Structures are given as structure tokens and as C-alpha cells.
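Undergrad: Take 49 as the starting number for the sequence shown in our numbering and just add one per residue. Note that beta-carbon positions come from the ideal geometry of N, C-alpha and C, so glycine has one too. All figures in this text were calculated on a predicted structure; none of them were measured in a lab.
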Amino acid sequence: MTGSALLISSDKTHVQYTGAFLAAVGVFPTTPLITAWVGNNLSGSLKRGVGFGMVVGFANFGGIVAAFIYRSVDSPRFIEGHTIFLSMLSVSFVLTALMMSYYKWENSRRDARDAERGLTADTYTPEMKLEQQHEGDDATFWRYTI
């Protein structure tokens, strides 16, 4: 986000290079992080496969959108494109924070439910997990990765 803000706010070449570097360093690592997060938080092969497909699909959709928001008439600064990009990053940041909050809340709710039954993550036997393996993330032992 800092890189995008630098690209928008300055017309000095060295500041824009710094902004481009920070934007790339900040954005490109998110793809493997999001992919890992989706893989860890979707249980069941079908749900996980669809989730991975959606991540890849939306990532590719971003490339299509970029072709229309970074127009040649806006060169050389592309302020409109950078502003839209920064807005999308901000929305992603808020949605990530909301998902993390939900996952934390849901894990706490499941821990409290298990505590009432006298269970902890360590007390689930392999047999108990095998019995619930087809329930996916509805299984009582399932916890989300935050």
C-alpha cells in the first residue's frame, strides 16, 4: 500500500522507482500466502479444489482488470490506475481482517463447545477423526488457521 501511495503522490523518478519496488515486494508474496491460507482453511478435497480454482481465477481476473485501468492515455503517471489498485488493496486488507476475526471467533466457539464436553485438540483420537473425516470443516475437531 505504501508503494502505491508513493506512485500516486510523487512525480519524482527516484520516488516512483521506490514506490514500484515497494508495491512489487508487497503484492507478489500475497499469492502464495493466500493460496496457503485457502488450502489450510478449506476441508475436503472438493471444497479445497474449488477454493484453489477461485483463487487462481480471481488472480487472473486481476490481470484483465489491469488492462483496462492502466490506460495509455493516463501515462506516464497512471494515477487513476494506481488509485484503483490502492483501493482494491485496501478492500483486500479489510476483508482479510474480517476473515481473520471470524476464524478466531469460530475457533473460540468450537473450543468452548469442546470444553463443555471435556475435549481438547489433544484428546481427539485418530479413530474419532476418522469417524468425522467426511464432515469437512463441520467436524468437531476442525480448527481454522489464522
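Taking residue 191 as the reference, give the member of 159, 141 and 175 with the closest Cα.
TA: 159
Undergrad: Thinking residue 193 and residue 108 are a contact (beta carbons under 8 angstroms), I'd like their distance in whole angstroms, please.
TA: Rounded to whole angstroms, the Cβ separation of residue 193 and residue 108 is 25 angstroms, and the two are not in contact under 8 angstroms.
Undergrad: Is the beta carbon of residue 52 less than 9 angstroms from the beta carbon of residue 137?
TA: Result yes, Cβ atoms of residue 52 and residue 137 sit closer than 9 angstroms.
Undergrad: Alpha carbons only, please: which of 188, 189 and 183 is nearest the one belonging to residue 93?
TA: 183
Undergrad: What does a CB cutoff of less than 7 angstroms around residue 155 pick up in its chain, not counting 5 residues either side in sequence?
TA: 191 and 192
Undergrad: Just how far apart, CA to CA, sit residue 165 and residue 79?
TA: Rounded to the nearest angstrom, the two C-alpha atoms are 39 angstroms apart.
Undergrad: Can you tell me where the alpha helix (DSSP H) holding residue 133 begins and where it ends?
TA: 127-164
Undergrad: What residue range does the alpha helix (DSSP H) around residue 95 cover?
TA: From DSSP, the alpha helix (DSSP H) with residue 95 extends over 93-117.
Undergrad: Tell me which same chain residues have a C-beta within less than 7 angstroms of the C-beta of residue 186, skipping the five on either side of it?
TA: none
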